[in-house]
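The structure appears below as C-alpha coordinates.
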Amino acid sequence: MKNSRFAVIGLGQFGNVIAKKLSERGAEVIAIDNSESNIEDISDDVALAICMDATDKKALMAQNIQDVDAVIICIGEDFEALLLSTVYCQELKVKRIISRANDAQQRRILEKMGVEEILSPEDEVGKVVAERLMNPSVVSVLQLPDDYEIAEVKAPKGVLNRSLQDIDLRGKYKLNLVTIKREYEVKSEEGENIFDQHIIGVPTPETIIYETDTIVVFGTTKDIGRFIDINQ
27 MKNSRFAVIG
37 LGQFGNVIAK
47 KLSERGAEVI
57 AIDNSESNIE
67 DISDDVALAI
77 CMDATDKKAL
87 MAQNIQDVDA
97 VIICIGEDFE
107 ALLLSTVYCQ
117 ELKVKRIISR
127 ANDAQQRRIL
137 EKMGVEEILS
147 PEDEVGKVVA
157 ERLMNPSVVS
167 VLQLPDDYEI
177 AEVKAPKGVL
187 NRSLQDIDLR
197 GKYKLNLVTI
207 KREYEVKSEE
217 GENIFDQHII
227 GVPTPETIIY
237 ETDTIVVFGT
247 TKDIGRFIDI
257 NQ
(Lines of atoms letter the chains of each structure in order from A; the text may use other names.)
(Lines give C-alpha, C1' and ligand atoms only; values in the text may rest on other atoms or scores of the structure.)
Protein backbone atom coordinates (compact mmCIF):
# COMPACT_ATOMS: atom_id res chain seq x y z
CA MET A 27 0.00 0.00 0.00
CA LYS A 28 1.47 3.34 -1.03
CA ASN A 29 2.35 5.88 1.63
CA SER A 30 -0.15 8.66 2.20
CA ARG A 31 1.09 12.18 1.45
CA PHE A 32 0.08 15.16 3.59
CA ALA A 33 0.95 18.85 3.76
CA VAL A 34 0.72 20.58 7.13
CA ILE A 35 0.62 24.38 6.96
CA GLY A 36 1.31 26.21 10.23
CA LEU A 37 3.70 24.57 12.68
CA GLY A 38 2.69 25.92 16.05
CA GLN A 39 2.18 23.37 18.80
CA PHE A 40 -0.96 21.92 17.19
CA GLY A 41 0.40 21.63 13.65
CA ASN A 42 3.78 20.41 14.89
CA VAL A 43 2.20 17.45 16.71
CA ILE A 44 0.03 16.54 13.72
CA ALA A 45 2.99 16.64 11.31
CA LYS A 46 5.26 14.58 13.55
CA LYS A 47 2.61 11.97 14.34
CA LEU A 48 1.70 11.56 10.66
CA SER A 49 5.38 11.08 9.86
CA GLU A 50 5.78 8.55 12.68
CA ARG A 51 2.89 6.58 11.20
CA GLY A 52 4.71 6.29 7.88
CA ALA A 53 3.17 9.17 5.93
CA GLU A 54 5.16 11.44 3.65
CA VAL A 55 4.75 14.90 5.20
CA ILE A 56 5.47 18.33 3.75
CA ALA A 57 5.68 20.78 6.66
CA ILE A 58 5.21 24.47 5.80
CA ASP A 59 5.62 27.56 7.98
CA ASN A 60 6.92 31.11 7.57
CA SER A 61 9.00 30.81 10.75
CA GLU A 62 12.54 29.51 10.30
CA SER A 63 12.70 28.36 13.93
CA ASN A 64 9.53 26.27 13.49
CA ILE A 65 11.00 24.71 10.35
CA GLU A 66 14.31 23.96 12.08
CA ASP A 67 12.42 22.29 14.93
CA ILE A 68 10.69 19.81 12.63
CA SER A 69 13.09 19.38 9.71
CA ASP A 70 14.53 16.08 10.99
CA ASP A 71 11.09 14.57 11.60
CA VAL A 72 9.35 14.97 8.22
CA ALA A 73 10.10 14.26 4.57
CA LEU A 74 10.27 17.94 3.64
CA ALA A 75 10.19 21.13 5.74
CA ILE A 76 9.86 24.42 3.88
CA CYS A 77 10.03 27.99 5.17
CA MET A 78 7.64 29.88 2.90
CA ASP A 79 4.54 32.06 2.79
CA ALA A 80 1.53 29.77 2.43
CA THR A 81 -0.57 32.72 1.21
CA ASP A 82 1.54 32.76 -1.97
CA LYS A 83 -0.36 30.67 -4.51
CA LYS A 84 2.65 30.29 -6.81
CA ALA A 85 4.74 29.01 -3.91
CA LEU A 86 2.08 26.42 -3.11
CA MET A 87 1.98 25.35 -6.76
CA ALA A 88 5.77 25.02 -6.78
CA GLN A 89 5.46 22.42 -4.02
CA ASN A 90 2.80 20.49 -6.02
CA ILE A 91 0.41 20.96 -3.12
CA GLN A 92 -2.44 19.84 -5.38
CA ASP A 93 -0.97 16.32 -5.54
CA VAL A 94 -1.06 15.47 -1.82
CA ASP A 95 -3.81 13.36 -0.28
CA ALA A 96 -4.77 16.11 2.17
CA VAL A 97 -3.71 19.56 3.35
CA ILE A 98 -4.11 20.38 7.04
CA ILE A 99 -4.08 24.15 7.58
CA CYS A 100 -3.21 24.81 11.23
CA ILE A 101 -2.33 28.52 11.19
CA GLY A 102 -3.45 29.79 14.58
CA GLU A 103 -2.57 33.46 15.04
CA ASP A 104 -3.40 34.90 11.60
CA PHE A 105 -6.91 33.95 10.51
CA GLU A 106 -6.63 35.99 7.31
CA ALA A 107 -3.59 33.93 6.32
CA LEU A 108 -5.49 30.74 7.10
CA LEU A 109 -8.39 31.88 4.89
CA LEU A 110 -6.09 32.76 1.99
CA SER A 111 -4.26 29.44 2.25
CA THR A 112 -7.60 27.64 2.31
CA VAL A 113 -8.92 29.52 -0.74
CA TYR A 114 -5.77 28.81 -2.75
CA CYS A 115 -5.91 25.12 -1.85
CA GLN A 116 -9.53 25.09 -3.04
CA GLU A 117 -8.55 26.80 -6.29
CA LEU A 118 -5.76 24.25 -6.80
CA LYS A 119 -8.31 21.44 -6.41
CA VAL A 120 -6.62 19.82 -3.41
CA LYS A 121 -8.44 16.53 -2.78
CA ARG A 122 -9.03 17.06 0.93
CA ILE A 123 -8.73 20.28 2.93
CA ILE A 124 -8.83 20.39 6.73
CA SER A 125 -8.70 23.88 8.28
CA ARG A 126 -8.38 25.13 11.84
CA ALA A 127 -10.97 27.29 13.60
CA ASN A 128 -10.24 28.91 16.95
CA ASP A 129 -13.82 29.87 17.75
CA ALA A 130 -17.43 29.54 16.57
CA GLN A 131 -17.24 32.61 14.32
CA GLN A 132 -14.20 31.28 12.46
CA ARG A 133 -15.93 27.92 12.09
CA ARG A 134 -19.00 29.59 10.54
CA ILE A 135 -16.82 31.49 8.05
CA LEU A 136 -15.03 28.30 7.00
CA GLU A 137 -18.35 26.48 6.65
CA LYS A 138 -19.64 29.30 4.40
CA MET A 139 -16.53 28.77 2.26
CA GLY A 140 -17.47 25.13 1.80
CA VAL A 141 -14.80 23.66 4.07
CA GLU A 142 -16.22 20.34 5.26
CA GLU A 143 -13.51 19.34 7.75
CA ILE A 144 -12.74 21.86 10.48
CA LEU A 145 -10.47 21.33 13.48
CA SER A 146 -10.88 23.04 16.84
CA PRO A 147 -7.68 22.74 18.89
CA GLU A 148 -9.58 23.05 22.16
CA ASP A 149 -11.57 19.93 21.22
CA GLU A 150 -8.89 17.99 19.36
CA VAL A 151 -5.56 16.47 20.30
CA GLY A 152 -2.96 16.60 17.54
CA LYS A 153 -2.05 12.92 17.73
CA VAL A 154 -5.73 11.91 17.54
CA VAL A 155 -6.17 14.06 14.43
CA ALA A 156 -3.15 12.32 12.90
CA GLU A 157 -4.67 8.92 13.69
CA ARG A 158 -7.92 9.83 11.93
CA LEU A 159 -6.07 11.18 8.90
CA MET A 160 -4.02 8.01 8.52
CA ASN A 161 -7.06 5.79 9.01
CA PRO A 162 -10.23 7.43 7.61
CA SER A 163 -12.15 4.37 8.84
CA VAL A 164 -11.49 5.50 12.41
CA VAL A 165 -14.43 7.59 13.62
CA SER A 166 -12.96 8.53 16.99
CA VAL A 167 -10.07 7.55 19.25
CA LEU A 168 -9.49 7.59 22.99
CA GLN A 169 -5.72 7.56 23.53
CA LEU A 170 -4.49 5.50 26.50
CA PRO A 171 -1.02 4.99 28.01
CA ASP A 172 1.56 2.62 26.46
CA ASP A 173 0.29 3.16 22.89
CA TYR A 174 -3.11 1.58 23.60
CA GLU A 175 -6.36 3.13 22.47
CA ILE A 176 -10.09 2.58 22.22
CA ALA A 177 -11.14 3.27 18.63
CA GLU A 178 -14.48 3.45 16.85
CA VAL A 179 -13.90 1.91 13.41
CA LYS A 180 -16.31 1.88 10.49
CA ALA A 181 -16.74 -1.79 9.59
CA PRO A 182 -14.20 -2.48 6.80
CA LYS A 183 -15.17 -4.49 3.72
CA GLY A 184 -13.26 -7.59 4.77
CA VAL A 185 -15.47 -8.25 7.80
CA LEU A 186 -18.89 -7.48 6.33
CA ASN A 187 -21.56 -10.17 6.63
CA ARG A 188 -19.29 -12.29 8.82
CA SER A 189 -19.81 -13.39 12.42
CA LEU A 190 -17.59 -12.18 15.25
CA GLN A 191 -16.53 -15.78 15.79
CA ASP A 192 -15.34 -16.02 12.18
CA ILE A 193 -13.58 -12.64 12.29
CA ASP A 194 -11.76 -13.63 15.51
CA LEU A 195 -10.62 -10.16 16.56
CA ARG A 196 -8.61 -11.38 19.54
CA GLY A 197 -6.95 -14.39 17.91
CA LYS A 198 -6.09 -12.85 14.53
CA TYR A 199 -5.61 -9.17 15.39
CA LYS A 200 -4.90 -9.00 19.16
CA LEU A 201 -7.95 -6.74 19.58
CA ASN A 202 -10.72 -6.84 22.16
CA LEU A 203 -14.25 -5.94 21.11
CA VAL A 204 -15.85 -3.34 23.37
CA THR A 205 -19.21 -3.11 21.60
CA ILE A 206 -20.88 -2.45 18.24
CA LYS A 207 -22.80 0.65 17.17
CA ARG A 208 -25.51 -0.26 14.66
CA GLU A 209 -27.69 1.99 12.50
CA TYR A 210 -31.39 1.25 12.19
CA GLU A 211 -33.78 2.84 9.72
CA VAL A 212 -36.71 4.43 11.55
CA LYS A 213 -39.50 6.88 10.85
CA SER A 214 -39.07 10.46 12.03
CA GLU A 215 -41.92 12.46 13.53
CA GLU A 216 -42.40 13.96 10.06
CA GLY A 217 -42.73 10.48 8.56
CA GLU A 218 -39.35 10.51 6.84
CA ASN A 219 -36.98 7.54 6.86
CA ILE A 220 -33.91 8.36 8.96
CA PHE A 221 -31.06 6.33 10.45
CA ASP A 222 -30.75 6.06 14.22
CA GLN A 223 -27.67 4.57 15.87
CA HIS A 224 -27.91 2.19 18.83
CA ILE A 225 -25.45 0.19 20.90
CA ILE A 226 -25.44 -3.60 20.80
CA GLY A 227 -24.58 -3.96 24.48
CA VAL A 228 -23.01 -7.42 24.59
CA PRO A 229 -22.49 -8.90 21.11
CA THR A 230 -22.39 -12.70 20.90
CA PRO A 231 -19.98 -14.82 18.83
CA GLU A 232 -22.84 -15.27 16.34
CA THR A 233 -23.38 -11.51 15.87
CA ILE A 234 -23.00 -10.56 12.19
CA ILE A 235 -21.20 -7.36 11.14
CA TYR A 236 -23.09 -5.19 8.65
CA GLU A 237 -22.05 -2.32 6.39
CA THR A 238 -23.48 0.43 8.60
CA ASP A 239 -21.88 -0.94 11.79
CA THR A 240 -19.19 0.83 13.78
CA ILE A 241 -16.94 -1.54 15.71
CA VAL A 242 -15.54 -0.28 19.02
CA VAL A 243 -12.24 -2.04 19.76
CA PHE A 244 -9.43 -1.90 22.32
CA GLY A 245 -5.81 -2.56 21.35
CA THR A 246 -2.55 -0.96 20.33
CA THR A 247 -2.44 1.70 17.63
CA LYS A 248 -0.36 -0.69 15.50
CA ASP A 249 -2.79 -3.62 15.82
CA ILE A 250 -5.84 -1.46 15.07
CA GLY A 251 -4.08 -0.09 11.99
CA ARG A 252 -3.17 -3.63 10.87
CA PHE A 253 -6.80 -4.78 11.26
CA ILE A 254 -7.98 -1.89 9.06
CA ASP A 255 -5.24 -2.37 6.44
CA ILE A 256 -5.89 -6.11 6.06
CA ASN A 257 -9.66 -5.75 5.75
CA GLN A 258 -10.19 -2.46 3.91
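If you count the sequence shown from 1, you need to add 26 to reach the numbering used here.
Backbone N, C-alpha and C define an ideal beta-carbon position, used for all residues, glycine too.
Report the CB separation of residue i from residue j in whole angstroms; it is logged as a contact under 8 Å.
i   : j   : result
A73 : I58 : Actually they do not touch by this definition, with Cβ atoms about 12 Å apart.
Please state if the CB of residue j and the CB of residue i are separated by a distance shorter than 8 Å.
i    : j    : result
D222 : Y210 : yes
T240 : E178 : yes
L190 : L203 : yes
T246 : Y174 : yes
K46  : I68  : yes
L201 : V243 : yes
I35  : V97  : yes
M78  : T112 : no
V94  : A33  : yes
To the nearest angstrom, how far is the alpha carbon of residue i from that of residue j?
i    : j    : result
Q258 : C100 : 29 Å
R196 : I256 : 15 Å
G38  : R133 : 19 Å
G184 : F253 : 10 Å
M87  : V120 : 11 Å
L109 : P231 : 50 Å
D129 : P229 : 40 Å
V141 : I123 : 7 Å
I225 : I44  : 31 Å
I234 : R208 : 11 Å
D249 : L48  : 17 Å
Y114 : Q92  : 10 Å
N64  : Q89  : 18 Å
R188 : I220 : 25 Å
L145 : G251 : 22 Å
K180 : I206 : 10 Å
D71  : G41  : 13 Å
E143 : R126 : 9 Å
N60  : A85  : 12 Å
L159 : G227 : 29 Å
K213 : I76  : 53 Å
Starting from residue i, follow its DSSP beta bridges and name the residues at the other end.
i    : result
C13  : The structure shown has nothing for residue 13, since the chain only spans 27 to 258.
Y174 : T246
R208 : H224
A96  : F32
Check: Would you say the segment 27-37 touches the segment 46-62, given that touching needs at least three Cβ pairs under 8 Å?
Finding: Enough Cβ pairs lie closer than 8 Å, so yes.
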